[in-house]
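Peer 1: Before we start, here is the structure in question, set down as structure tokens.
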Amino acid sequence: EPEVTQTPSHQVTQMGQEVILRCVPISNHLYFYWYRQILGQKVEFLVSFYNNEISEKSEIFDDQFSVERPDGSNFTLKIRSTKLEDSAMYFCASRPPGLPSNQPQHFGDGTRLSIL
Amino acid sequence: DAKTTQPPSMDCAEGRAANLPCNHSTISGNEYVYWYRQIHSQGPQYIIHGLKNNETNEMASLIITEDRKSSTLILPHATLRDTAVYYCIVRVRGPPQISSGSARQLTFGSGTQLTVLP
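The following block contains the structure:
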């Protein structure tokens, strides 16, 4: 069964450094998402992306964050200048197109980001 | 999207049916009920979803009450590998056409920690 894959599984970065988290969504999916989960807390929505542009974003997704689909397969989340509070699990998700538009999102297993 | 209420934790004996309840008393007619689970350190896994009819797939059954104010996820024969946090999520049905407006995110609550006991 096709799945969403995320790399790396664990990323350790010094505070203030830039980090790029990578995701390969399921191949025929058109909607892409990033979520994060701080240890012991709820899964929180960050951003959704469709047709090469951001559809929705949360308050967490400030100017330090950006997303990109640089080619036909990858979907990336960049954090420009990391802070200690960015330490979390980051999950990528994707959803197929078509009708009904209530197709479920499918998640990857996440990247654990640790900021030192 | 409507708010959901789930018990924080439940236990179930291995091999028995696990019945996980969810209240969504403010659900509106165009909102679907989705169930996901999260096994420790993994990403949320889609289980099942429905609008008003009961649904069944290879993983579980979803029973939605006639007034749609509550639902129950049933794992017919729970195994130790079913130990996880289970999330009930209500989400507005998107428009039929493909558009950016139908990208709607999921809002996760605290879920129910299901522990399957040997």
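So the sequence lines, in the order shown, correspond to chains A and B. In case it helps, our numbering puts the first sequence at residues 1 to 116. In case it helps, our numbering puts the second sequence at residues 1001 to 1118. Glycine residues also receive a C-beta, built at the ideal position from the N, C-alpha and C atoms. Computed from a predicted model, the values in this text were never measured in an experiment.
(1) With a threshold of 8 Å between beta-carbons, can residue 1 of chain A be considered close to chain B, or not?
(2) Less than 7 Å between C-beta atoms, sequence neighbours within five positions excluded: which residues of the same chain meet that for residue 1013 of chain B?
(3) Beta-carbon of residue 1049 of chain B versus every beta-carbon of chain A: anything under 8 Å?
(4) Would residue 111 of chain A pass as a contact of residue 11 of chain A if the rule is Cβ separation under 8 Å?
(5) Taking 8 Å as the threshold (beta carbon to beta carbon), is residue 1028 of chain B in contact with chain A?
(6) In chain order, what are the residue ranges of uninterrupted alpha helix (DSSP H) at least 4 long that sit wholly in the stretch 15 to 76 of chain A?
(7) At 9 Å on the CB atoms, spell out the chain A contacts of residue 1020 of chain B, in chain order.
(8) According to DSSP, what are the bridge partners of residue 1077 of chain B?
(9) Against chain A, does residue 1106 of chain B count as a neighbour if the rule is that its beta carbon must be under 8 Å from one of theirs?
(10) Determine, for residue 83 of chain A, whether the minimum Cβ-Cβ distance to residues of chain B falls below 8 Å.
(11) For residue 1022 of chain B, I'd like the list of residues in its chain whose CB is within less than 6 Å of its CB, leaving aside the five on either flank, ordered along the chain.
(12) List the residues of chain A that residue 1109 of chain B touches, going by C-beta distances under 8 Å, in chain order.
(13) Determine, using beta carbons only, whether residue 58 of chain A and residue 46 of chain A come nearer to each other than 8 Å.
(14) Put residue 85 of chain A into one of helix, strand or coil per three-state DSSP.
(15) For a test of the three-state rule: what should DSSP assign to residue 1011 of chain B, helix, strand or coil?
(16) Just to make sure I have the definition right: I need the residues of chain D whose C-beta is within less than 8 Å of the C-beta of residue 106 of chain A. Which are they?
(17) Checking contacts by CB at 8 Å: is residue 1043 of chain B closer than that to chain A?
Peer 2: Concretely, from the data shown:
(1) False, the Cβ-Cβ gap to chain B never drops below 8 Å.
(2) Answer for residue 1013 of chain B: 1117, listed in chain order.
(3) Yes, its Cβ sits closer than 8 Å to a Cβ of chain A.
(4) Yes; because the gap between Cβ atoms is below 8 Å, this pair is in contact.
(5) Taking Cβ atoms only, chain A never reaches closer than 8 Å to residue 1028 of chain B, which makes this a no.
(6) Scanning the stretch 15 to 76 of chain A for uninterrupted alpha helix (DSSP H) segments of 4 residues or longer gives nothing; none is fully contained.
(7) Per Cβ cutoff of 9 Å: no residues; residue 1020 of chain B is ~17 Å from chain A at best.
(8) DSSP output for residue 1077 of chain B lists no bridge partner at all.
(9) Yes, contact with chain A.
(10) So no, residue 83 of chain A is outside the interface.
(11) Cβ neighbours of residue 1022 of chain B beyond the five flanking positions: 1004, 1006, 1071, 1088.
(12) Those within 8 Å of residue 1109 of chain B in chain A are 42.
(13) At the C-beta level, residue 58 of chain A and residue 46 of chain A come within 8 Å of one another.
(14) Residue 85 of chain A: helix per DSSP, three-state reduction.
(15) Here residue 1011 of chain B sits in strand by DSSP.
(16) In the structure shown, chain D does not exist; the protein chains are A and B.
(17) Yes, its Cβ sits closer than 8 Å to a Cβ of chain A.
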